[in-house]
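**Q** Could you have a look at this structure, given as structure tokens, before my questions?
Protein chains: 2
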Amino acid sequence: MKQQAIFRALADPSRRRILKLLQKGSMTAGELAHTFDFTQASLSHHFAVLKVADLVCTERRGQNIVYSLNSTVFEDMARLVMDLFAVQEERKK
Amino acid sequence: MKQQAIFRALADPSRRRILKLLQKGSMTAGELAHTFDFTQASLSHHFAVLKVADLVCTERRGQNIVYSLNSTVFEDMARLVMDLFAVQEERKK
DNA sequence: TGTATATTTAGATAAGTATCTAAATAATGT
DNA sequence: ACATTATTTAGATACTTATCTAAATATACA
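For the record, the sequence lines run as chains A and B.
Here the first sequence is numbered in the numbering used here, starting from 1 and rising by one per residue.
Here the second sequence is numbered in the numbering used here, starting from 1 and rising by one per residue.
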């Protein structure tokens with residue numbers, strides 16, 4: 001798990017918005033791009049950052065590339081946050 | 001809660017390291033600075049970012065300024081992460 | 001009040017990031 | 001093979017951020 005990549009990816013509001021859009025189901029790069037005012041190229045850059053962080057999966061379907069949430073990273077993320085805020089004294093083991 | 005401030009603050013590894021140090025208990029700015037190779041001025045900048053995000057609290061004690069984790073933000077953070085990864089279909093209500 | 005210590009603020013610079021336009025890649029249909 | 005559509009990559013530019021040095025502020029103590 002690439003901790004730095006995940007945190008970096010989440011730092012941008014557009015990328016968080018992409019993740020929220022993908023909650024409703026997979027979307028193609030083009031569909032996602034339509035909901036933004038940026039160029040498709042800019043969005044593509046954001047996709048790349050999300051992919052490096054393993055936050056999304058891609059799958060080509062014909063001419064389109066379909067993006068979807070990689071929910072397995074959710075556990076990782078939860079652990080990261082827990083880890084960051086858990087107070088030392090409260091740790092058992 | 002300042003969502004953007006929180007995510008931005010967590011994006012930097014030094015700041016995450018500061019948070020982890022504070023898990024063991026409060027520390028003065030100077031003590032924290034000693035554990036880094038940066039100048040105290042640079043660290044002070046990081047403290048400011050963490051403070052804007054409400055991730056730490058400060059209290060002056062004589063000449064020192066004592067930093068401690070603001071654990072109340074933990075809930076907020078957890079909610080943010082949940083919110084980002086929860087799949088829409090699974091939402092009840 | 002003056003000096004020492006702790007911390008922050010200001011201003012500069014270098015590195016990183018977001019966005020754009022234009023060009024490249026890949027699949028589809030004729 | 002060629003034109004069309006979807007997406008990414010490359011290169012440029014503007015903006016933001018991390019870090020530094022030097023100066024400013026605040027407290028403590030003599």
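Quick reminder that beta carbons are idealized off the backbone N, C-alpha and C, glycines included.
Note that the coordinates shown come from a computational prediction; the quantities given were computed from them, not determined experimentally.
#1: Taking Cβ positions only, does Phe103 (chain B) come closer than 8 Å to chain A?
#2: In chain order, what residues of the same chain lie with their CB nearer than 7 Å to the CB of Leu69 (chain A), ignoring the 5 residues before and after it?
#3: Taking 8 Å as the CB-CB cut-off, is Arg95 (chain A) touching chain B?
#4: Quick one: list the residues of chain B neighbouring Val81 (chain A), beta-carbon separation under 7 Å, in chain order.
#5: Using 8 Å as the threshold, is the C-beta distance between Asn64 (chain B) and Thr39 (chain B) below it?
#6: Restricting to Cα atoms, I'd like to know which of A:Ile6, A:Asp76 and A:Arg16 is closest to Asp12 (chain B).
#7: Does the distance from the C-beta atom of Val81 (chain A) to that of Val49 (chain B) stay below 8 Å?
#8: Measuring only the C-alpha atoms, how far is Tyr67 (chain A) from Leu10 (chain A)?
#9: Taking the alpha-carbon of Arg16 (chain B) as reference, which of B:Leu84, B:Lys51, B:Lys2 and B:Gly30 has the nearest alpha-carbon?
#10: Taking the alpha-carbon of Ser14 (chain A) as reference, which of A:Arg60, A:Arg61 and A:Phe47 has the nearest alpha-carbon?
#11: Mind listing which residues of the region 17 to 42 of chain A have their C-beta closer than 8 Å to chain B's C-betas, in chain order?
#12: Give the interface partners of Leu10 (chain A) over in chain B, defined as CB-CB distance under 8 Å, in chain order.
#13: Using a C-beta to C-beta distance shorter than 9 Å, which residues of chain B count as neighbours of Thr63 (chain A)?
#14: Could you give the residue range of the alpha helix (DSSP H) that holds Ser44 (chain B)?
#15: Between Lys43 (chain B) and Ala33 (chain B), which are expected to be in contact by the criterion C-beta below 8 Å, what is the C-beta distance as a whole number of angstroms?
#16: Which residue wins for smallest C-alpha separation from Phe74 (chain A), given the options B:Phe74, B:Val73, B:Asp83 and B:Asp76?
#17: Have a look at Gly62 (chain A) and Gly25 (chain B) and give me their C-alpha separation to the nearest angstrom.
**A** So, from the data block:
#1: For chain B, the structure presents residues 1 to 93; residue 103 (chain B) sits outside this window and is missing.
#2: Here the question's residue 69 (chain A) lines up with position 69 in the first sequence. Once the five neighbours on either side are set aside, the close Cβ partners of Leu69 (chain A) are Leu19, Leu22, Gln23 and Val56.
#3: The question about residue 95 (chain A) has no answer, for chain A in this structure spans 1 to 93.
#4: Numbered from 1 along the first sequence, position 81 holds the residue referred to as residue 81 (chain A). Chain B residues near Val81 (chain A): Met77, Ala78 and Val81.
#5: Within the second sequence, numbered from 1, the residue matching residue 64 (chain B) stands at position 64. Within the second sequence, numbered from 1, the residue matching residue 39 (chain B) stands at position 39. No, they are not a contact pair.
#6: Translated into the one-based positions of the second sequence, residue 12 (chain B) becomes position 12. Residue A:Ile6 is the option with its Cα nearest to Asp12 (chain B).
#7: Against the first sequence, residue 81 (chain A) aligns to sequence position 81. Against the second sequence, residue 49 (chain B) aligns to sequence position 49. Against a cut-off of 8 Å, the Cβ pair of Val49 (chain B) and Val81 (chain A) comes out as no contact.
#8: Sequence index remark: in the first sequence, residue 67 (chain A) carries index 67 (1-based). Sequence index remark: in the first sequence, residue 10 (chain A) carries index 10 (1-based). Approximately 17 Å, taken between the alpha carbons.
#9: As a working mapping, residue 16 (chain B) is identified with position 16 in the second sequence. Comparing Cα positions, the closest option is B:Lys51.
#10: Here residue 14 (chain A) refers to the residue found at position 14 when the first sequence is read from its first residue. Cα-wise, what sits closest to Ser14 (chain A) is A:Phe47.
#11: Leu19, Lys20, Gln23, Lys24 and Gly25
#12: Locating residue 10 (chain A) in the first sequence gives position 10, counting from the first residue. The contacting residues are Phe7, Leu10, Ala11 and Leu84.
#13: Locating residue 63 (chain A) in the first sequence gives position 63, counting from the first residue. Here the sequence assigns Gln to residue 63 (chain A), which means Thr is not the residue at that position. Residues of chain B passing the Cβ test: none, with the nearest at roughly 26 Å.
#14: To locate residue 44 (chain B), count along the second sequence from 1; it is residue 44. Per DSSP, Ser44 (chain B) belongs to the alpha helix (DSSP H) from Gln40 to Val52.
#15: The count along the second sequence starts at 1 and reaches residue 43 (chain B) at position 43. The count along the second sequence starts at 1 and reaches residue 33 (chain B) at position 33. The amino acid occupying residue 43 (chain B) in the given sequence is Leu; Lys does not appear at that position. Their Cβ separation, rounded to whole angstroms, is 5 Å, which keeps Leu43 (chain B) and Ala33 (chain B) in contact under 8 Å.
#16: As a position in the first sequence, residue 74 (chain A) is number 74, starting the count at 1. When each option's Cα is compared against that of Phe74 (chain A), the closest is B:Asp83.
#17: On the first sequence, residue 62 (chain A) is found 62 positions in, with the first residue counted as 1. On the second sequence, residue 25 (chain B) is found 25 positions in, with the first residue counted as 1. If I take the Cα positions, the gap works out to 55 Å.
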